[in-house]
Amino acid sequence: MYARYVALGDSQTEGIGDGDDRHGHRGWADRLAERLAPHSPGLEYANLAVRGKRIGQIHAGQLAPALAMEPDLATVVAGLNDLIRPRCDVDTVADHLDRMIGALTATGARVATLTYPDVGAIAPLARRLAPRITAFNARVRDIAARHGATVVETDRHAVCTDRRIWSADRLHLNPLGHARLGHGFAHALGVPDVDDSWTHPLPEHPAPGPVRTVADEARWAAAFLAPWLWRRITGRSSGDGHTAKRPHPEPVS
């Protein structure tokens with residue numbers, strides 16, 4: 001099917017939430033490459049994603065190296081780090097995505113991206129971001145349609161806001177979530193013998209009561225939201241000091 005796959009993006013594509021810094025991060029893009037490999041003998045895979053990067057940084061730092069690798073498949077997942085900030089111009093974020101997807105498809109590469117689920121359903125304190133996410137998702141679909149790119153539509157499946165597929169920080173998928181998303185990309189790309197089971201809901205479980213919900217929100221805000229806000233105030237990023245984990249195309253093992 002493919003000879004070379006290159007992944008561009010931020011922490012989700014790097015695989016944060018599926019592994020750790022000591023033993024390495026796997027993530028949905030690695031899992032996608034592993035699904036592609038049996039059908040693409042000799043497949044090479046590079047992952048340029050770096051945690052914490054905003055879409056302008058991804059455009060500036062990852063697109064040119066990706067193009068130089070001459071991939072016939074690329075995934076571009078970027079923009080959420082911009083959308084969750086207090087001030088964000090959705091049109092500017094979408095323009096960066098448009099130019100990256102356009103440049104890659106112009107070479108003849110197959111390109112896949114995604115829409116984002118409702119972050120407010122995962123973290124109620126982020127409900128105010130719902131209109132912004134909806135507007136961006138509409139732009140993603142338009143961009144993909146114009147360039148002939150593939151879209152994994154996570155916002156159309158309830159399982160994508162099930163907290164059981166998200167890490168405790170509610171910003172990154174956990175191993176189950178990364179497995180589901182890798183499956184989703186494989187399904188959207190038409191990989192043989194891959195069905196739509198990634199969209200199926202998890203087994204039903206009792207919803208937490210109001211007291212537990214408030215307590216959970218307080219713990220999350222203290223453990224994850226406050227440090228995230230402090231990094232914004234101090235101008236630091238979770239990606240400081242980090243580079244791409246797989247900067248050159250290598251055979252998929």
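Quick note: the sequence shown uses the numbering used here, first residue 1, plus one each step.
Idealized CB from N, CA, C, for every residue including glycine.
Computed from a predicted model, the values in this text were never measured in an experiment.
In DSSP terms, what residue i is bridged to
i           : result
residue 20  : 24
residue 150 : 112
residue 77  : 9
residue 124 : Its beta-bridge partners do not exist; DSSP assigns none.
residue 250 : 45
residue 198 : Beta-bridge pairing links residue 198 to no other residue.
residue 173 : 166
Proximity below 8 angstroms, CB of residue i to CB of residue j
i           : j           : result
residue 72  : residue 116 : no
residue 62  : residue 80  : no
residue 98  : residue 53  : no
residue 126 : residue 84  : yes
residue 142 : residue 130 : no
residue 77  : residue 101 : no
residue 3   : residue 43  : yes
residue 16  : residue 172 : yes
residue 50  : residue 242 : yes
residue 198 : residue 180 : yes
residue 144 : residue 152 : no
residue 187 : residue 28  : no
residue 105 : residue 149 : yes
residue 14  : residue 245 : yes
residue 55  : residue 82  : yes
residue 46  : residue 251 : no
residue 66  : residue 8   : yes
residue 170 : residue 123 : yes
The beta strand (DSSP E) enclosing residue i, as first and last residue numbers
i          : result
residue 9  : 4-9
residue 46 : 44-47
Delimiting residues of the alpha helix (DSSP H) encompassing residue i
i          : result
residue 92 : 90-106
residue 56 : 55-68
residue 38 : Premise fails: residue 38 is in no alpha helix (DSSP H) and is neither H nor E.
Where residue i falls, given that 16 or more other Cβ within 10 Å makes a residue buried
i           : result
residue 110 : buried
residue 113 : buried
residue 18  : buried
residue 182 : buried
residue 74  : buried
residue 184 : buried
residue 128 : exposed
residue 158 : exposed
residue 205 : exposed
residue 68  : exposed
residue 202 : exposed
residue 25  : buried
Mind the definition here: the region 183-200 touches the region 36-47 only if three or more C-beta pairs lie below 8 angstroms; say whether that holds. Yes, they touch.
Inspect the CB distances between the region 88-105 and the region 127-136 and report whether three or more fall short of 8 angstroms. With the cut-off at 8 angstroms, the region 88-105 and the region 127-136 touch.
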